[in-house]
Amino acid sequence: MDFDKRIDTCNMDKALEWGVLFDEQRNTALPQWLSGYRNHQPCEVLTTYHGSFNWSCSVRFNDGITWLVRFAVPGKVMDGDAKVVREVATMYYVKSHTTMPVPAIHHWDLSKGNPLGLGAFIIMDFIPGMPLRDLLTDETDPDSKKLKSDFPDEKLCILYRQIADFHLQLYQLDFSSIGALSFGNDGNIAVNAPPLTLKMQEIEAHSGLKIAACENQLSSATDYFNYVAQQDLQHLHEQANSVDDATDAEAKLVFRHQLIASIPQFVRRDYDLDPFKLACDDMRYGNMLIDNPQDLNIAAVIDWEWTNIVPAQMTQSPPQWLLIRKPADWSSCDGDEFDRYNHLLNLYLNEMEKLGSSRNTETEDSLSRLMRQSMSDGKFWFHALILSCYDADYSSP
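If you read the sequence shown in UniProt numbering, its first letter stands for residue 1, the second for the next number, and so on.
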């Protein structure tokens, strides 16, 4: 399905207006405001970083301490307040329940709490490092979505062992309901917000269609998958340019109903109910920083936006981003990309199995075995469709 270019233009205008406001305050009001969070110690803005959803800048105080302030940019993020509160709650929770390198948060607030008019923000430690994607991306690929074919397997294994450890730690976290982490009236973090997925964000960003939050609490994988499949139908029916002609409309409608009909086939009955698991839609190489290309130590996992509590079977599926280009964007499901992905997946799961063996957790229900099973029984592809919105229209599971 194509984007609605009218909506894209409106959103771009909003982002550009925000950018002008940011530039006007970058070296004046912005550092003055930030110094207020450190007893008015003077600071200077060092570097600005432009991401898919956020603009960030590093600031250095007179005593050498460096922070990063990150803003959810209007026009790039459809609901900055909802995104930031969920992201902050997730970062606090993951940092306190795992050993993952999550930056420490010093302050955050919603749009109404930003006197500069720059929207919801997070102020956190600045972690120096290199995005892992910059090291791994094939520079000859025009879309920068291909893993280097000559990157040594032994180096990948060093990275995969660390990422698999993160994966295993997150998998140990259990939740009794589906939704998103947020703050209760007592200030405690719990699953008390509806899901806010990358898919919901992208549908609204490129169609103008806001996906309604689920009215009732989702208590099973079956409920969740039906809820997401209904989003696809709503998207098809309500985006102004969702179809090209009658033939295209029929094909897209049939595909969506095929997906709904296939849900019972792809639900793992032994994992239909709780416990549910934490999953980040935007977990990928670009959101991991390494200290240097020689040691390959992952210094930080950043950008926890679009993290939700989801059916366990979704976290039992292999990472979609091992090849960088996700399965929904592959030219076929059995070509060179699939072969390369399988090779990477074997490296990844071998490292996960080594970790499991060293911790005596490698059982019949171990995560690595469940991931291999997800590849063999088709759930990997089903989950790829559940996560997709604009990049999959005719490929039923």
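Just so it is clear, CB atoms sit at the ideal spot from N, CA and C, and this is done for glycine as well.
In this structure the region 323 to 333 does not touch the region 154 to 174; the number of beta carbon pairs closer than 8 Å is below three. Our two residues, N27 and H107, have alpha carbons roughly 20 Å apart in a direct line. Residue pairing for H50: DSSP places it in a beta bridge opposite W55. DSSP, read as helix, strand or coil, puts R70 in strand.
Annotated as distal: P194 and V310, with beta-carbon spacing of 9 Å or more. Secondary structure of T247 (DSSP, three-state): helix.
In summary, P318 is buried, with 16 or more beta-carbon neighbours lying within 10 Å of its beta-carbon over all protein chains present.
Closest option to F3, judged by alpha-carbon separation, among L323, E202, Y227 and S262: E202. Burial check for N241: the Cβ neighbour count within 10 Å stays below 16, so the residue is exposed.
Under DSSP, D125 forms a beta bridge with W67.
Of the candidates Q234, D282 and A299, the residue whose Cα lies closest to the Cα of K83 is D282. Residue pairing from DSSP leaves P264 without any beta-bridge partner. In this structure, N292 places its C-beta atom within 9 Å of the C-beta atom of M130. About 7 Å separates the Cβ atoms of P101 and I298, confirming a contact at the 8 Å cut-off. Following the DSSP letters along the chain, one finds I7 inside the alpha helix (DSSP H) bounded by residues K5 to Q25. Under DSSP, R256 shares a beta bridge with no residue. The three-state secondary structure of G179, taken from DSSP, is strand.
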